[in-house]
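In the working numbering, the protein residues as written are 55 to 264.
A short write-up of the structure that comes next.
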């Protein structure tokens with residue numbers, strides 16, 4: 055079962071840093087507009103991929119753009135899914151965008167960590183065009199995540215220091231919440247050297263819900 059982004063970030067926020075955000079629906083736009091800080095980002099909440107390419111993410115800087123942005127997003131349908139909610143988030147002062155994910159690798163019953171120094175990309179397309187840009191590490195759930203595994207994954211001393219704690223927390227989320235997929239794309243390094251989950255996809259093991 056895949057969650058909406060706002061639901062995924064609600065879970066992530068208990069472990070790692072996510073942007074401050076407010077959820078808005080068609081019914082409460084007038085009430086919520088007074089609580090929003092500009093400029094900000096409007097993000098259509100759908101479970102399908104391709105939201106950005108479809109125009110489902112908008113940066114707005116004033117009240118006029120905010121109102122027209124809401125009107126546009128709430129009238130959208132992305133790959134057959136109607137937009138019923140919009141997540142409004144603070145702007146992040148981005149220095150660098152990365153890609154990070156954890157998946158359950160069924161053939162070996164291991165957890166696979168995937169990392170790329172290019173964020174905001176289609177990872178499947180990048181795997182075809184530039185597979186060397188992607189690093190992967192398999193983790194035995196009995197052994198757990200170790201520092202040397204993270205070093206092998208990141209392959210960059212400066213990024214390793216910044217991301218070591220984040221990777222451990224992300225792994226903890228994956229295990230604690232019985233996930234089969236956790237994707238952070240992009241994973242952002244801010245100009246203040248904070249690690250922030252700018253976008254998130256989370257998928258549960260349906261069997262774990264019962």
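Glycine is no exception: its CB is placed at the ideal position from the N, C-alpha and C atoms.
Cβ neighbour criterion (16 or more within 10 Å) applied to residue i
i, result
"residue 239", "buried"
"residue 253", "buried"
"residue 264", "Unreliable placement is indicated for residue 264, whose pLDDT of 38 sits below 50; the coordinate value is still reported in the next sentence. Exposed: under 16 other Cβ atoms inside 10 Å."
"residue 92", "exposed"
"residue 185", "exposed"
"residue 228", "buried"
Nearest neighbour of residue i, chosen from the options [CA to CA]
i, options, result
"residue 131", "190, 100, 202", "100"
"residue 127", "162, 68, 79", "79"
"residue 251", "229, 231, 224", "224"
"residue 114", "88, 104, 108, 142", "142"
"residue 145", "121, 210, 111, 81", "111"
"residue 81", "97, 125, 70", "125"
"residue 198", "165, 247, 71, 85", "165"
Where residue i falls: helix, strand or coil (DSSP)
i, result
"residue 224", "helix"
"residue 81", "helix"
"residue 218", "helix"
"residue 205", "helix"
"residue 235", "strand"
"residue 63", "helix"
>> Restricting to runs no shorter than 3 residues, where is the beta strand (DSSP E) found entirely within the region 153–190?
In response: Listed in chain order, they are 164–170.
>> For the pair the region 153–173 and the region 132–142, tell me if three or more CB-CB distances fall below 8 Å.
In response: No, they do not touch.
>> With a threshold of 8 Å, are at least 3 pairs of Cβ atoms found where one atom belongs to the region 227–247 and the other to the region 144–151?
In response: With a cut-off of 8 Å, the region 144–151 and the region 227–247 count as touching, because enough Cβ pairs lie within range.
> Which runs of the alpha helix (DSSP H), 4 residues or longer, sit entirely within the region 107–138?
Replying inline: Listed in chain order, the complete alpha helix (DSSP H) runs (minimum 4 residues) inside the region 107–138 are 117–128.
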